[in-house]
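Student: Numbers 17 to 161, taken from the working numbering, label the letters of the sequence shown in order. For every residue, glycine included, the Cβ atom is placed at its ideal position computed from N, Cα and C. Nothing here was measured: the structure is a model prediction, and the numbers come from that model.
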Amino acid sequence: MGYRVTAVDGSKVGLEKAAKLAKEHNVTIELVHADLAKFDFGKEKWDAVVSIYCPLPSAVRSAVYKRAVKGLKPGGVFLLEAYTPEQVNYNTGGGPSVDTKTSKSDLQDDLIELSFLHLEELKREVLEGTYHTGLASVVQAIAKK
């Protein structure tokens, strides 16, 4: 495929699942067990940062996103899908805390140094496993440095 992929997760179970999927699909990924609140993205190191349903408390999330932006190379892309605060009204994942959800306006504040190519809040069907299937309220973002 041409990409070197690094997965960073605070959950050993999540990393084990990633390793299993990588093996099943015959791809290589580097697995890093780390607390994102303390993870060092470095400076201009990454071509892309992808965040898919990463439920961090707002203060932590904002700091992580700002460090991720610094870690992007010029022209690098930040790609995200996350639950919005409205997701607490749905029973399709994300838990009951509004603080771990994010909105379009949160992303505009946290990713102010990036140019948005796509930024949208929407309701869509998710198929992410037993407790994450059905209509969900999400925000999607693609932003470039």
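So who's on the other strand from GLU141, going by DSSP bridges?
Tutor: Position 125 of the sequence shown holds residue 141. Answer by DSSP bridge pairing, in chain order: LEU151.
Student: Name the one or two DSSP bridge partners that ILE45 has.
Tutor: For the purposes of this step, residue 45 is taken as the residue at position 29 of the sequence shown. Paired residues: VAL21.
Student: The alpha helix (DSSP H) with TYR81 in it runs from where to where?
Tutor: Translated into the one-based positions of the sequence shown, residue 81 becomes position 65. Element bounds for TYR81: 74-87.
Student: Can GLY58 and LYS160 be called in contact, C-beta distance under 8 Å?
Tutor: Position 42 of the sequence shown, counted from the start, is the residue given in the question as residue 58. Position 144 of the sequence shown, counted from the start, is the residue given in the question as residue 160. Cβ distance not < 8 Å, so GLY58 and LYS160 don't count as in contact.
Student: Between the Cα of TYR147 and those of ALA157, LEU133, GLN124 and ASN107, spot the shortest distance and give me the residue it belongs to.
Tutor: For this step, residue 147 is matched to residue 131 along the sequence shown. For the residues ALA157, LEU133, GLN124 and ASN107, the minimum Cα distance to TYR147 belongs to ASN107.
Student: Quick one: any contact between the region 118-133 and the region 92-104, if contact means 3 or more CB pairs under 8 Å?
Tutor: Taking 8 Å as the limit for Cβ pairs, the verdict is that the region 92-104 does touch the region 118-133.
Student: Determine the DSSP secondary structure at LEU95, reduced to helix, strand or coil.
Tutor: Start at 1 with the first residue of the sequence shown, and residue 95 comes out as number 79. Strand.
Student: Under a three-way DSSP split, which group does GLU136 fall into?
Tutor: Stepping through the sequence shown from its first residue, residue 136 is reached at position 120. DSSP places GLU136 in strand when its eight states are reduced to three.
Student: When DSSP builds the beta bridges, which residues end up paired with SER131?
Tutor: Translated into the one-based positions of the sequence shown, residue 131 becomes position 115. Note: SER131 sits in a beta bridge opposite LYS160.
Student: Starting from SER67 and walking both ways along the alpha helix (DSSP H), at which residues does that stretch end?
Tutor: Against the sequence shown, residue 67 aligns to sequence position 51. Element bounds for SER67: not the alpha helix (DSSP H) but the beta strand (DSSP E), 62-68.
Student: Cα-Cα, which of VAL155, HIS134, ARG140 and LEU47 is closest to THR149?
Tutor: Walking along the sequence shown from the start, residue 149 turns up at place 133. It is ARG140 whose Cα lies nearest to the Cα of THR149.
Student: Can you grab the Cα-Cα spacing for the pair GLY111 / GLU97, in whole Å?
Tutor: What you label residue 111 is simply residue 95 of the sequence shown in a count that begins at 1. What you label residue 97 is simply residue 81 of the sequence shown in a count that begins at 1. Taking the straight line from one Cα to the other gives about 16 Å.
Student: Out of LEU143, THR44, SER113 and LEU127, which has the shortest C-alpha to C-alpha gap to PRO73?
Tutor: The sequence position of residue 73 within the sequence shown is 57, counting from 1. Of the candidates LEU143, THR44, SER113 and LEU127, the one whose C-alpha sits nearest the C-alpha of PRO73 is SER113.
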